[in-house]
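Here is the structure we will look at.
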Amino acid sequence: MYNFAPSKQHKILEVIATTTELENSLMPLRAKGLKIALVPTMGALHHGHLSLIAAAQKQADVVVCSIFVNPTQFTDPKDLEKYPRPLEHDIKMLAEAGCNFVFMPTVEEMYPSYPEPENWKINLGNAEFVLEGEFRKGHYQGVTQIVFKLFNAVKPNVAFFGQKDFQQVLMIKNMVAVLNLDVQIVTCPIIREEDGLAMSSRNIHLSEEDRENSLVLSKALFFIAENYHRYSLEDLLTTAKQIINNVPGVALDYLTIANGDTLLPITTKTGHNTVALIAAKVGETRLIDNVIINWIVG
Ligand code: AMP
Numbered sequence: 188m189y190n191f192a193p194s195k196q197h198k199i200l201e202v203i204a205t206t207t208e209l210e211n212s213l214m215p216l217r218a219k220g221l222k223i224a225l226v227p228t229m230g231a232l233h234h235g236h237l238s239l240i241a242a243a244q245k246q247a248d249v250v251v252c253s254i255f256v257n258p259t260q261f262t263d264p265k266d267l268e269k270y271p272r273p274l275e276h277d278i279k280m281l282a283e284a285g286c287n288f289v290f291m292p293t294v295e296e297m298y299p300s301y302p303e304p305e306n307w308k309i310n311l312g313n314a315e316f317v318l319e320g321e322f323r324k325g326h327y328q329g330v331t332q333i334v335f336k337l338f339n340a341v342k343p344n345v346a347f348f349g350q351k352d353f354q355q356v357l358m359i360k361n362m363v364a365v366l367n368l369d370v371q372i373v374t375c376p377i378i379r380e381e382d383g384l385a386m387s388s389r390n391i392h393l394s395e396e397d398r399e400n401s402l403v404l405s406k407a408l409f410f411i412a413e414n415y416h417r418y419s420l421e422d423l424l425t426t427a428k429q430i431i432n433n434v435p436g437v438a439l440d441y442l443t444i445a446n447g448d449t450l451l452p453i454t455t456k457t458g459h460n461t462v463a464l465i466a467a468k469v470g471e472t473r474l475i476d477n478v479i480i481n482w483i484v485g
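Counting with the working numbering, you get residues 188 to 485 for the letters of the sequence shown.
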């Protein structure tokens, strides 16, 4: 599906569990002046993740994928417990994609005092507390905490994230700015199933009926994007919400047409930085998705 371009430096995927091992492997490559890319994931890899690996291979000489189910970003312990962890499958996928290193640390490696919490609190701006931040309190402190630790361990020149987690990329960019980190952040487009459902490790939890119902999320977003210039903001949201409410088993958390920097709902249409975001529970599984309506960088 993707045009993988494995680095010639390393033909075989190296599986690494500790930061010391990682540093021993990466230091000589860094010393040679090679450009190192990091693709942070929580595993249960799918084509969305692979698209990040492929993008990383295009821009860097060495690609490190991390697989770590980060406990500090989960607000629901049941969600953490049932998060899929098909490690053998993941390693096979990364090897086939020509990824150079997979970093799979233990929880103790990343959080030596676990389950005692560490003192991590940074100012991510007001956008931390809306949308996902409202439904998953403290989520982005946990996300930035682990991404900072992964940046420290890998010391990448560039790191790749998916637009699928739109707010997450914004929070990571804010962290990089606040802490003056020397790493470039690249955002990659959402990879979808043929019928429109955004790929996600959580899709595995969907029953056959949920899977059918889940299509309504992308349907509502596409409706907004396609009709953005035809209807008022209010009518767009009303109709999109009706599309969702017509499907039993789907409970909407939010659907918004927002400014992509503040994540606050827009009140008048502008020609730039507009994104529609949605989160809903489909059966027992919570899914998120978004579409960029228009985007002008700068
Ligand atoms: P996760 O393993 O869910 O934490 O995701 C790891 C990275 O893959 C994050 O940067 C996600 O935004 C990205 N990602 C997840 N799903 C997709 C997708 N369908 N398309 C593109 N990127 C994705």
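We treat Cβ as the ideally placed atom computed from N, Cα and C, and that holds for glycine. As the structure is a computational prediction, the values presented were derived from the model and not from experiment.
What did DSSP end up calling residue 388 once you bin it into helix, strand or coil? Within the sequence shown, the letter at position 201 stands for residue 388. Helix.
Euclidean distance between Cα positions of residue 398 and residue 404: In the sequence shown, residue 398 corresponds to position 211, counting from 1. In the sequence shown, residue 404 corresponds to position 217, counting from 1. Take the alpha-carbon of residue 398 and the one of residue 404: they are about 11 Å apart.
Which residues bound the alpha helix (DSSP H) around residue 400? Against the sequence shown, residue 400 aligns to sequence position 213. Unbroken alpha helix (DSSP H) run through residue 400: 395-400.
Own chain partners of residue 400 with C-beta closer than 6 Å, once the 5 adjacent residues on each side are dropped: As a position in the sequence shown, residue 400 is number 213, starting the count at 1. Non-local C-beta neighbours of residue 400 in its own chain, meaning closer than 6 Å and more than five positions away in sequence, comprise 434, 436, 437, 469, ordered along the chain.
Which partner residues of residue 227 appear in the DSSP bridge assignment? Start at 1 with the first residue of the sequence shown, and residue 227 comes out as number 40. Looking at the DSSP output, residue 227 shares a beta bridge with 253.
Residue 227: beta carbon under 7 Å from a heavy atom of the ligand AMP? Stepping through the sequence shown from its first residue, residue 227 is reached at position 40. Indeed, a heavy atom of the ligand AMP lies less than 7 Å from the Cβ.
Whole angstroms are fine: how far does the CA of residue 449 sit from the CA of residue 458? As a working note, residue 458 is residue 271 in the sequence shown. As a working note, residue 449 is residue 262 in the sequence shown. Straight-line Cα distance between these residues: approximately 16 Å.
CB of residue 451 within 8 Å of CB of residue 317, strictly: Taking the sequence shown and counting its residues from 1, one reaches residue 451 at position 264. Taking the sequence shown and counting its residues from 1, one reaches residue 317 at position 130. Yes, Cβ-Cβ distance for residue 451 and residue 317 is below 8 Å.
Quick one: residues in its chain with C-beta nearer than 7 Å to the C-beta of residue 374, no 5 flanking neighbours on either side, listed in chain order? Within the sequence shown, numbered from 1, the residue matching residue 374 stands at position 187. Shown here for residue 374: same chain residues with a beta carbon closer than 7 Å to its own, the five before and five after excluded, namely 348, 350, 356 in chain order.
Indicate whether residue 249 and residue 221 have their beta-carbon atoms separated by less than 8 Å. The sequence position of residue 249 within the sequence shown is 62, counting from 1. The sequence position of residue 221 within the sequence shown is 34, counting from 1. For residue 249 and residue 221, yes; Cβs fall inside 8 Å.
For the pair the segment 358-369 and the segment 269-284, tell me if three or more CB-CB distances fall below 8 Å. The segment 358-369 and the segment 269-284 do not touch, with fewer than 3 CB-CB distances between them shorter than 8 Å.
List the endpoints of the continuous beta strand (DSSP E) containing residue 309. Residue numbering aside, residue 309 sits at position 122 when the sequence shown is read from its first letter. Following the DSSP letters along the chain, one finds residue 309 in no beta strand (DSSP E), marked with neither H nor E.
Apart from the five residues just before and just after residue 460, which ones in its own chain have a Cβ nearer than 8 Å to its Cβ? Within the sequence shown, numbered from 1, the residue matching residue 460 stands at position 273. So the list reads 446, 447, 448, 481, 482, 483, once near-sequence residues are dropped.
Only counting runs of 3 or more residues, tell me where the beta strand (DSSP E) segments fall wholly within the segment 290-373, in order along the chain. DSSP runs (the beta strand (DSSP E)) wholly in the segment 290-373: 345-349.
When the distance is taken between beta carbons, is residue 335 closer than 8 Å to residue 291? Taking the sequence shown and counting its residues from 1, one reaches residue 291 at position 104. Taking the sequence shown and counting its residues from 1, one reaches residue 335 at position 148. It is not a contact, given that the beta carbons lie outside the stated cut-off.
Just how far apart, CA to CA, sit residue 189 and residue 231? Locating residue 189 in the sequence shown gives position 2, where the first residue counts as 1. Locating residue 231 in the sequence shown gives position 44, where the first residue counts as 1. Going by the C-alpha atoms only, they are around 18 Å apart.
Please classify residue 260: is it buried, with 16 or more other beta-carbons within 10 angstroms of its beta-carbon, or exposed? One-based indexing of the sequence shown puts residue 260 at position 73. Classification for residue 260: buried.
Check the C-beta distance from residue 327 over to residue 358 and give it rounded, since I have them as a contact under 8 Å. Numbered from 1 along the sequence shown, position 140 holds the residue referred to as residue 327. Numbered from 1 along the sequence shown, position 171 holds the residue referred to as residue 358. The beta-carbon distance between residue 327 and residue 358, rounded to whole angstroms, is 4 Å. This is short enough to meet the 8 Å contact definition.
How many Å lie between residue 406 and residue 383 at the Cα? Within the sequence shown, residue 406 is the residue found at index 219, counting from 1. Within the sequence shown, residue 383 is the residue found at index 196, counting from 1. Each residue's Cα considered, the two are about 8 Å apart.
Starting from residue 474 and walking both ways along the alpha helix (DSSP H), at which residues does that stretch end? As a first step, residue 474 is located in the sequence shown; it is residue number 287 there, counting from the start. Annotation: residue 474 is outside any alpha helix (DSSP H); the continuous beta strand (DSSP E) that includes it extends over 472-481.
Among 413, 418, 444, 385, which residue has its Cα nearest to the Cα of residue 473? Translated into the one-based positions of the sequence shown, residue 473 becomes position 286. Closest option to residue 473, Cα to Cα, is 385.
Our contact map puts residue 209 next to residue 341 with C-beta atoms below 8 Å; I'd like the distance itself, whole angstroms only. The sequence position of residue 209 within the sequence shown is 22, counting from 1. The sequence position of residue 341 within the sequence shown is 154, counting from 1. The Cβ separation is near 7 Å, so the contact holds.
What residue range does the beta strand (DSSP E) around residue 460 cover? If you number the sequence shown from 1, residue 460 lands on position 273. If you look at residue 460, you'll find it isn't in any beta strand (DSSP E); DSSP assigns it neither H nor E.
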